[in-house]
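A quick write-up on the structure given underneath.
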Amino acid sequence: DSGVTQTPKHLITATGQRVTLRCSPRSGDLSVYWYQQSLDQGLQFLIQYYNGEERAKGNILERFSAQQFPDLHSELNLSSLELGDSALYFCASSVGPSNEAFFGQGTRLTVV
Amino acid sequence: GQQLNQSPQSMFIQEGEDVSMNCTSSSIFNTWLWYKQDPGEGPVLLIALYKAGELTSNGRLTAQFGITRKDSFLNISASIPSDVGIYFCAGQLPGNFGNEKLTFGTGTRLTIIP
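This is the structure:
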């Protein structure tokens, strides 16, 4: 158990809908990362927060947004969902913005 | 942006064999990390490397941070069935604001042939 908690574990929704994925980092970690992993693909970096502020941005679609709250948990919001958004979404956390990251179990999103 | 080339893409070996995989980058990295991912699970950190030339072991796993800072290697000795999975390298650029994100390699899928 990495100490990073993601909910829900599975999510099935229809095209055009909006969902929110939640991540609780390890105790003491200030940095949160979001990654997308499509079937049999690598991990694509979406966005990173550090202590509540956006730190780095990857190839995140405009339909996607994220935030990190004062209690350091983070949410990833995906809207106007398309079939191609079906993927595993991982959250990772680290102590600082440049320390090794520990991953949660992921949320499997299926858009039908 | 920077890319990480990981090879081989897949390996089919017999139990007990040693395994070697590597990762190369077009950019210099400050940190190299190696992760293992089982199907449907999150990546699990195996080894972290912070200095050029550093050689670090974790049980049967040994990883090295290349001298040029553009590559890293992972070796697994005497493979066992639980080694099956996908191995990812990840690199982190020198710590400028906004550059600390981890860039992942494409993965090496390890299969053990009975």
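First to last, the sequence lines map onto chains A and B. With positions in the first sequence counted from 1, the corresponding number in the working numbering is that position plus 655. With positions in the second sequence counted from 1, the corresponding number in the working numbering is that position plus 77. Quick reminder that beta carbons are idealized off the backbone N, C-alpha and C, glycines included.
Query raised in the report: Does any CB atom of chain B fall closer than 7 Å to the CB of residue 739 (chain A)?
Result: Not a single CB atom of chain B sits nearer than 7 Å to the CB of residue 739 (chain A).
Query raised in the report: Of all Cβ atoms in chain A, is any one closer than 7 Å to the Cβ of residue 181 (chain B)?
Result: yes
Requested in this report: Indicate whether at least one CB of chain B lies closer than 7 Å to the CB of residue 707 (chain A).
Outcome: no
Report task. Please go through the same chain and pick out, in chain order, the residues whose beta-carbon is closer than 8 Å to the beta-carbon of residue 131 (chain B), but skip the five residues on each side of it. Result -> 141, 142
Query raised in the report: How is residue 136 (chain B) classed by DSSP in three states: helix, strand or coil?
Result: coil
Requested in this report: Count the CB pairs spanning the stretch 668–686 of chain A and the stretch 724–731 of chain A that are closer than 8 Å, and state whether there are at least three.
Outcome: yes
Query raised in the report: Does DSSP put residue 148 (chain B) in a helix, in a strand, or in coil?
Result: strand
Query raised in the report: Is the stretch 710–721 of chain A touching the stretch 93–103 of chain B in the sense that three or more CB pairs, one from each, lie closer than 8 Å?
Result: no
Query raised in the report: Does DSSP classify residue 738 (chain A) as helix, strand or coil?
Result: helix
**Report entry** Selection from A:749, A:720, A:694, A:693 that minimises the alpha carbon distance to residue 768 (chain A)
**Finding:** Here chain A has residues from 656 to 767 only, and residue 768 (chain A) is not among them.
Query raised in the report: Under a three-way DSSP split, which group does residue 159 (chain B) fall into?
Result: helix
Query raised in the report: Any C-beta of chain B sitting closer than 7 Å to the C-beta of residue 691 (chain A)?
Result: no
Query raised in the report: Can at least three beta-carbon pairs, one atom from the stretch 662–674 of chain A and one from the stretch 682–690 of chain A, be found at a separation below 8 Å?
Result: no
Query - Near-chain A residues of the stretch 110–122 of chain B - C-beta to any C-beta below 9 Å - result: 110, 112, 114, 117, 118, 119, 120, 121, 122
Requested in this report: Please confirm if residue 772 (chain A) has its CB atom under 7 Å from at least one CB of chain B.
Outcome: There is no way to answer for residue 772 (chain A), as the model of chain A reaches only from 656 to 767.
Query raised in the report: If you count every other CB in all the chains shown that lies within 10 Å of the CB of residue 702 (chain A), and 16 or more means buried, which is it?
Result: buried
Query raised in the report: If residue 688 (chain A) and residue 746 (chain A) are in contact, beta carbons under 8 Å, what's the gap, nearest whole angstrom?
Result: 7 Å
Report task. Label residue 735 (chain A) either buried or exposed according to how many other C-beta atoms from any shown protein chain fall within 10 Å of its C-beta, with 16 as the threshold for buried. Result -> exposed
Query raised in the report: For residue 694 (chain A) versus residue 181 (chain B), is the C-beta distance shorter than 7 Å?
Result: no
Requested in this report: Closer than 8 Å by beta-carbon distance: list the chain A residues that pair up with residue 184 (chain B), in chain order.
Outcome: 697
Query raised in the report: Is the shortest distance between the beta-carbon of residue 128 (chain B) and the beta-carbons of chain A less than 7 Å?
Result: Chain A, which has no Cβ nearer than 7 Å to the Cβ of residue 128 (chain B), makes this no.
Query raised in the report: Residues of chain B with CB under 9 Å from residue 724 (chain A), in chain order?
Result: Contact note: residue 724 (chain A) does not reach chain B at a C-beta cutoff of 9 Å; the least C-beta distance is about 20 Å.
Report task. Using a Cβ cut-off of 7 Å (strictly closer), state whether residue 125 (chain B) contacts chain A. Result -> Yes, residue 125 (chain B) counts as interfacial toward chain A.
Requested in this report: Compute the Euclidean distance between the alpha carbons of residue 136 (chain B) and residue 118 (chain B), then round it to the nearest angstrom.
Outcome: 22 Å
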